[in-house]
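Chemist: After the structure tokens below, expect a handful of questions from me.
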Amino acid sequence: MSASDFTYDGAGSALSLNELRQGLDVKRLGSHFNYFAEIDSTNRYARQLAANGAREGEIVIAEEQTQGRGRLGRRWQSPPFANIYFSVILRPRLVPADAPQITLMAAVAVAEAVDSFITQSATIKWPNDILVGGKKLAGILTEATCDPKRVDYVILGIGVNVNYRLAAMPDEIRARATSVAELTGKSVSRESFLRRLIHDLDRCYGELEESGFALLAPRWEAHFGLRGKRVRVELLDQIVAGRAIGIDRDGALLVEDEQGAVKRVIAGDVIPLES
Ligand code: BTN
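Sequential numbering of the sequence shown, starting at 0, is according to numbering that gives the first Met the number 0.
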């Protein structure tokens, strides 16, 4: 179902795409919305659309995901009508090695959108978590399909805890998750939040396409919550421990070990060892 097919029934709980579109000022993203009351995973459906030739900027959004996917094969809790779950189809002009820049760009956009709704500052936990006060508020899952020489398409999936209350969260995430409503003490209009987020994504993606990641890097660094902190990074076959010192121009995490050697980490799970 597309947004134009969707009629908001005024029940007070469904997202109103008409309201979302009001004042949505974008150049590249949000040309078309595919709205679902329930879906397995917006990333899975967006990938199917992209494989069938869908244009850049098309968005898949759902009120609820039955198999919301997180990084490293994890589940993303996706209860109905509380949060935002969406995936954007991107066709960036990037070589495959630079595809991780999409995740970094999105992290800047999500952090900046979150900052406009709360008084604290959002931090980025490399590569894809958005935290506030050390608790996870949003996650980003990018899945790229590449030719040998260029990125064909990227599915950029974003989940944000907007009106998810701690009392409604399952035990396994309650201690380490938060939401915009928990931080502000009141429910937030999901349309307003999503409009702002799509706007910020559109702006940051435009900056990446036109000027490269160098323009966004200082803002990524400004939100980087682990700088100077001791971390352990668990990779498939090894563990890297040391101090996180930032990212390089390819978006790899730089970790300085006890001997002063700087290691580049391109994938893995970062565990902070100090707060
Ligand atoms: C993570 O933190 O591990 C990434 C979470 C990404 C969740 C979003 S919700 C919308 C999109 N569809 C999915 O199945 N996953 C992403």
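Built from N, CA and C at the ideal position, the CB exists for glycine as well.
Just verifying my parser: in three-state terms, what is the DSSP assignment at P99?
Modeler: helix
Chemist: Just tell me which of A166, D249, L225, G72 has its CA closest to the CA of A243.
Modeler: For A243, the closest alpha carbon among the candidates A166, D249, L225, G72 is that of L225.
Chemist: Once DSSP output is grouped into helix, strand and coil, what is the label at L215?
Modeler: helix
Chemist: Is the separation between the beta-carbon of T183 and that of L136 shorter than 8 Å?
Modeler: No, the pair does not count as a contact, with Cβ atoms beyond the cut-off.
Chemist: Could you please give me the residues that DSSP links to V109 through a beta bridge?
Modeler: Paired residues: none, contrary to the question.
Chemist: Ends of the beta strand (DSSP E) at L89?
Modeler: 83-89
Chemist: Measure the C-alpha to C-alpha separation of G211 and I101 and round it to an integer number of angstroms.
Modeler: 11 Å
Chemist: Taking its Cβ as the centre, do 16 or more other Cβ atoms sit within 10 Å of E181, making it buried, or is it exposed?
Modeler: buried
Chemist: Would you check if the distance between the CB atom of M104 and the CB atom of L193 is smaller than 8 Å?
Modeler: no
Chemist: May I have the straight-line CA-CA distance separating I270 from R231, to the nearest angstrom?
Modeler: 5 Å
Chemist: Can you confirm whether F212, when its beta carbon is compared against all beta carbons of chain B, has any partner nearer than 8 Å?
Modeler: Among the chains in the structure shown there is no chain B, since it carries only a single protein chain.
Chemist: Could you pull out every residue in the same chain whose Cβ sits closer than 8 Å to the Cβ of N82, ignoring the five residues on either side in sequence?
Modeler: G158, V159, N160, V161, N162, Y163, S178, R189
Chemist: Between which two residues does the beta strand (DSSP E) containing D201 stretch?
Modeler: No beta strand (DSSP E) holds D201; the alpha helix (DSSP H) holding it covers 189-210.
Chemist: Whole angstroms are fine: how far does the CA of N17 sit from the CA of Y7?
Modeler: Any reading at Y7 needs caution, since the residue's pLDDT is 29, under 50, leaving its predicted position unreliable; the model's value is listed next. The alpha-carbon of Y7 is positioned some 8 Å away from that of N17.
Chemist: Under 7 Å Cβ to Cβ from G245, same chain only, skipping five residues before and after it: list those, please.
Modeler: E220, F223, R226, L253
Chemist: Start and end of the beta strand (DSSP E) containing I246?
Modeler: Its beta strand (DSSP E) spans residues 238-246.
Chemist: Apply the 10 Å Cβ neighbour rule to L71 and answer buried if 16 or more other Cβ atoms are within range, or exposed otherwise.
Modeler: exposed
Chemist: Counting along the chain, where does the alpha helix (DSSP H) carrying V179 start and finish?
Modeler: 179-183
Chemist: In this structure, how does DSSP classify A36 when only helix, strand and coil are distinguished?
Modeler: coil
Chemist: Enumerate in chain order the residues of its own chain whose CB-to-CB distance from D256 is below 6 Å, with the five nearest sequence positions on each side excluded.
Modeler: Correct list, in chain order: G241.
Chemist: So, does the stretch 28-37 touch the stretch 123-133, judging by three or more C-beta pairs under 8 Å?
Modeler: no
Chemist: Exposed or buried, which one is D199 when buried takes at least 16 other CB atoms within 10 Å?
Modeler: buried
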